[in-house]
Every structure is written in structure tokens, then in C-alpha cells.
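Numbering (the UniProt record's numbering), first residue to last: 1 to 477.
Backbone N, C-alpha and C fix where the C-beta goes; we use that ideal spot for every residue, glycine too.
All values reported here derive from a predicted model rather than from experimental measurement.
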Amino acid sequence: MADESIIRTVKNPKLTLIAFQLRNNLALGDEPVETADHLWKKCQELGKILNCPPLETLINRLYQHQGKIGFPPREDDISNDYVELLKPDRFLHFNAIPDPDKPQLKGEVYPLQIHDTYAIDITFRRPEAVVNLSEFNYFLNPNYCLLPDNIQSDLGQTLILFAEPLLSESDHYQDFANACVEALFPSSDAQRLLANSPLVGELFGSPIFEYNTGEYNLSRQIHLLIWFNCSPQTQMLEEQGNYYELLVNLLCCRNKILYSYTQARWCYQQAKDLYKQLLPKVENLKKLPQDLTEKLEFLKQELILIPQSSCEYGEYIQHIKLHLNTIKTNLKNYQYYLNQLYELLILEDNLPFFKRFETRTKNKFIEQINVDLGYLIPGQNLFSELINTIRGLVEIEQAEIDRSLEKTIAILGVSLGVGGIAASTFSGYVERPLIDSNQSLSKIFTHPGIFAFLLSVAFTLVTGLLTAKFLCYRGRK
């Protein structure tokens with residue numbers, strides 16, 4: 001933690017938010033996703049909160065193509081890989097409406113489209129002013145409005161503080177940077193950022209520090225760069241801004257890699273849960289009901305549910321492969337922009353945190369996703385084997401039920417046929433009324449019609465029994 005007994009001040013401070021929001025995805029093609037305009041709507045909210053009308057109306061000033069902000073991305077058109085969305089002015093400068101009880105806010109907004117992604121640069125500044133660190137919350141991050149919890153961009157954000165530190169003799173740059181963290185953030189967030197020592201580099205002859213809370217979840221991750229202006233050369237090269245487009249592209253690639261990694265890991269967890277649900281179903285096949293009808297009904301129900309799970313499982317694997325491809329593509333772009341940025345550096349400059357992220361992507365993110373796929377892909381075979389097994393069982397059980405039905409029909413057919421023949425044999429003798437009121441009961445059963453009927457029933461029963469035994473014997477053979 002920074003020494004609170006030292007009163008620290010900076011000169012010409014500015015705090016820049018660079019946030020990213022997905023405009024297009026593979027599923028919708030040229031049509032922007034539902035949340036594409038989130039950053040522009042967030043500017044409207046900030047404009048109302050900060051009493052700054054230009055921010056409120058930014059969304060109405062942005063360039064539109066066919067009624068949609070920006071352009072549909074084209075793989076073969078590099079002209080929309082970095083598009084400024086304000087025309088003809090590149091920046092929208094703003095001043096908040098003066099409030100006698102609060103310092104006036106000043107700054108500018110710089111909206112962009114980088115291929116399939118919107119980006120926004122919102123900068124608050126105090127030019128030519130010496131500012132106590134305790135005033136940061138008023139001038140540079142009013143009410144912590146630039147924090148991830150408030151901005152909530154789906155591809156995350158980076159905050160960059162650029163200022164000239166007015167150090168005392170007993171102070172050090174890293175202690176000063178830690179004090180800036182405590183001034184810019186609520187205590188809970190500052191503690192998260194200061195839990196690990198920052199990575200230290202040098203850019204245009206001045207120290208630069210990277211702080212990171214370390215979460216992969218971009219809606220919670222705080223990524224902060226503190227760059228001190230310690231020499232006239234730093235001031236000149238920063239004002240020239242040749243580094244800026246490369247830095248924004250670099251950060252965009254970084255955040256897309258993190259986003260794709262978190263999405264791939266989420267898909268892995270969902271697929272893993274589906275696989276866990278599959279294992280009990282394998283055990284259930286060993287405990288099928290004895291009743292043929294119940295068994296067949298159970299198997300048919302599983303034959304409906306398991307292919308659905310198998311389809312979802314396959315979709316998750318496909319999504320993971322797409323996220324892996326996105327990471328590899330953005331890693332190549334990241335390496336390109338980093339190499340371009342290094343060409344602008346002066347002697348003794350170094351940006352180790354950017355190099356470290358490159359290494360981490362190769363050795364951690366890509367490797368982990370390949371391991372995940374190595375676990376999941378064999379599971380597709382288990383789904384297929386289980387489905388084929390159940391289909392086979394259904395066919396067997398259905399055939400068994402069909403054979404049982406055929407036996408019943410055969411028995412009834414033969415029995416009724418023989419019984420009918422027997423009855424017709426005696427039908428010619430039926431020439432008088434079936435029952436005479438003067439006949440005794442014993443003579444009624446000797447009547448040819450009654451006798452024919454009883455004989456038919458007897459033949460039917462005996463023939464049915466013999467037919468059933470014959471079919472059973474043939475089935476055993």
C-alpha cells in the first residue's frame with residue numbers, strides 16, 4: 001500500500017477508457033447483434049449522470065450505413081478494419097455544464113469500429129493543472145463511472161492513466177503508481193489490483209505499469225495501465241500519437257482472446273455436464289423392466305432424449321473449435337500489432353506485459369482448449385454407441401412383441417378355422433327348431449345344432465392348444 005503521509009500531486013493528468021463491444025457474430029452475419037449499441041447507450045447514460053449533453057447525443061452523430069451504425073465486416077476489405085465513426089470530426093469534445101459545487105469535467109470521445117467490433121475511447125483530462133491524487137475521483141473518474149461494473153462492455157475494457165508525477169525526494173515511481181490506484185478506485189477494487197505487484201515496463205523513455213485483477217470474466221476484470229510522463233521526449237511522442245492505433249488494435253485482440261477463452265471454457269463445462277448425465281443412462285440399460293411393453297416404452301423415450309443431448313454435445317464441441325480458431329487468429333494479429341509497436345519504441349523501451357500475454361495465450365489458453373477437446377471428442381463416440389445400442393434393443397424388443405402377436409393371430413386363425421369347418425360339417429342336419437318347449441333338458445343337448453356348436457368350441461380349443469405348442473416348439477428350434 002502507498003504511504004498516506006505523503007501528499008502526492010500530478011500535472012496534466014488524463015484518464016482514458018478504451019472499451020470494446022461486439023457488433024457482429026457468425027450466426028447473424030451482417031446484422032448487428034442485439035447488444036451492439038451498448039457502448040453508445042452507455043454514453044447517453046453517462047451524459048445524463050455527468051450533466052454533459054454532448055455525450056447524451058453521441059449516438060445520433062455516429063456514421064450509419066443502411067440505417068445501422070458502422071459497417072458490416074468484410075474479410076476481403078481492410079478499409080473497415082479501423083473505421084472512425086465520427087465524420088468529419090474525429091473526436092467529440094465535451095464540457096460538462098458548470099456546477100458551482102463540482103469541478104467542471106472536460107474530455108473527448110473517440111468512437112471506432114475495428115472489423116466486427118465497436119470500440120470507444122472516453123477520456124477525462126485536466127490540462128495544465130496540478131491535481132492532488134485525492135481529487136482524481138472528481139476530475140478523472142467521477143463517481144467511479146468508468147469502472148467495468150458500470151460500463152459492462154461484453155469484450156471488456158482497459159483504463160490508461162497518463163500523467164506527469166510530481167515526486168518528492170523520498171518517493172518512488174511504483175509507490176506513486178500504487179497511490180494512483182488507491183485514488184482511482186474504491187478500496188475493494190484497489191485491494192484486488194494491488195494484491196499482486198504490477199508488471200513494469202518503459203514506453204518512450206518513461207515508466208509504465210500494468211495492473212490486473214486477473215479474472216478471465218471481462219465484466220469483472222480491471223485492466224489498468226499507468227504511464228508516467230517523465231521526459232520531454234515522452235510528452236512529444238505521446239502527443240504525436242503514432243502508437244495509438246496500434247495500441248487500440250493490440251488491446252482489442254487481447255480482449256477478444258480473453259473473451260473467446262472464457263466462452264470456450266463455458267462450453268466445455270456445459271458439455272461436461274451433458275456427459276455426466278449420460279453415464280447413469282448407460283447403467284440404466286443394465287436394469288431394464290422385465291415387462292416387454294414397459295421396456296420398449298422406456299427405450300423409445302431414451303431414444304428421443306439421448307440424440308437431443310448428443311446434438312447439444314456436438315454443438316458445444318463445434319463452438320469450442322470456433323473459439324479456438326478465433327484465439328489463434330487474434331493471436332496472429334496481436335503479434336503483428338505488437339511487432340509494429342516495438343518498431344516505434346526508443347532505446348531501452350520495453351513492454352514485458354504485452355509479451356507475457358502473448359506467451360500466456362500460446363502456453364495456457366490454446367493448450368488448455370486443446371486438452372478440453374481431447375477429453376470431449378471421445379465422448380461423441382459414447383453418445384453414438386449408446387444411441388445405436390438402444391436402437392438395436394428397440395428393434396429386438398419390437399420384434400419380440402411382433403412375434404408374440406403373430407403367434408396369437410395364428411392360434412386364433414387356425415382354431416377358428418378348424419372350429420368353423422367342424423360346425424359346418426353338422427350344419428346340414430339342422431332342420432328343426434333348436435328348442436321345443438315340450439323337450440326335456442337332456443334332449444336339448446342332443447339336438448344337432450347344439451351338438452355342432454359344442455363340437456366347434458371343442459375343436460377350436462384343442463386346435464388352439466396344439467397350434468400354440470407347435471409354434472413354441474418351432475420357436476425353440
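Rounded to whole angstroms, the gap between the alpha carbons of Tyr334 and Gly47 is 33 Å. Residue range Ser206 to Asn212 is occupied by the beta strand (DSSP E) that includes Ser206.
If one requires a minimum length of 4 residues, the alpha helix (DSSP H) runs lying completely within the segment 65-139 are 136-139, in chain order. When DSSP reads this structure, Gly201 sits in a beta bridge with Ile208.
Collapsing the DSSP output to three states places Pro378 in a helix.
Rounded to the nearest whole angstrom, the C-alpha separation of Cys52 and Phe71 is 28 Å.
In this model, Tyr118 and Lys256 are separated by some 12 Å (Cα to Cα). When secondary structure is reduced to three states using DSSP, Asn339 falls in the helix class. DSSP, read as helix, strand or coil, puts Pro54 in helix. A Cβ-Cβ contact shorter than 7 Å links Ser231 with Ser206. Per DSSP, His223 lies in no alpha helix (DSSP H) segment; the continuous beta strand (DSSP E) that holds it begins and ends at His223 to Phe228. Exposed is the label assigned to Arg90, since fewer than 16 other Cβ atoms lie within 10 Å of its Cβ.
About 17 Å separates the beta carbon of Thr359 from that of Ser260, a gap too long to meet the 8 Å contact definition.
Under the 8 Å Cβ criterion, the segment 134-143 does not count as touching the segment 188-200, having fewer than three qualifying pairs. At a Cβ-Cβ threshold of 7 Å, Asp121 and Thr234 do not count as neighbours. In the structure shown, the three-state DSSP call for Phe185 is coil.
Under the 8 Å Cβ criterion, the segment 146-163 counts as touching the segment 19-27, having at least three qualifying pairs. Looking at the DSSP output, Glu164 shares a beta bridge with Lys11. Apart from the 5 residues on each side of it in sequence, Thr123 sits with its Cβ closer than 6 Å to the Cβ of Lys14, Thr16, Gly107 and Glu108 in its chain, given in chain order. Judged by beta-carbon spacing, Leu246 lies within the 7 Å limit of Leu341, meaning their Cβ atoms are closer than that value. For Lys42, the number of other beta carbons within 10 angstroms of its own is at least 16, and it is reported as buried. CA-to-CA, the gap between Asn25 and His323 works out to about 12 Å.
Between Leu258 and Leu218, the C-beta gap is smaller than 7 Å, which places the two residues in contact. DSSP, read as helix, strand or coil, puts Thr35 in coil. Between the beta-carbon of Gly379 and that of Tyr316 there is about 10 Å, and that puts the pair past the 8 Å contact cut. If you draw a straight line from the Cα of His115 to the Cα of Pro88, it is about 20 Å long.
For Leu237, the closest of Leu344, Phe365, Tyr337 and Leu55 by C-alpha to C-alpha distance is Leu344. By a beta-carbon distance limit of 8 Å, Leu161 does not contact Leu250. Their separation comes to about 18 Å.
The alpha-carbon of Gln277 is positioned some 41 Å away from that of Gln191. Here His319 has Cys267 as same chain residues with Cβ atoms under 6 Å from its own Cβ, once five neighbours each way along the sequence are excluded. Rounded to whole angstroms, the separation of the alpha carbons of Arg265 and Tyr375 is 13 Å.
Remark: C-beta atoms of Thr361 and Leu166 do not approach each other more closely than 7 Å. With contacts defined by Cβ atoms closer than 7 Å, Thr262 and Tyr216 form a contacting pair. Ala179 and Asp171 have their alpha carbons spaced roughly 11 Å apart. The DSSP-derived three-state label of Leu258 is helix.
Of the candidates Asp349, Ile366, Pro111 and Cys311, the residue whose Cα lies closest to the Cα of Lys332 is Ile366.
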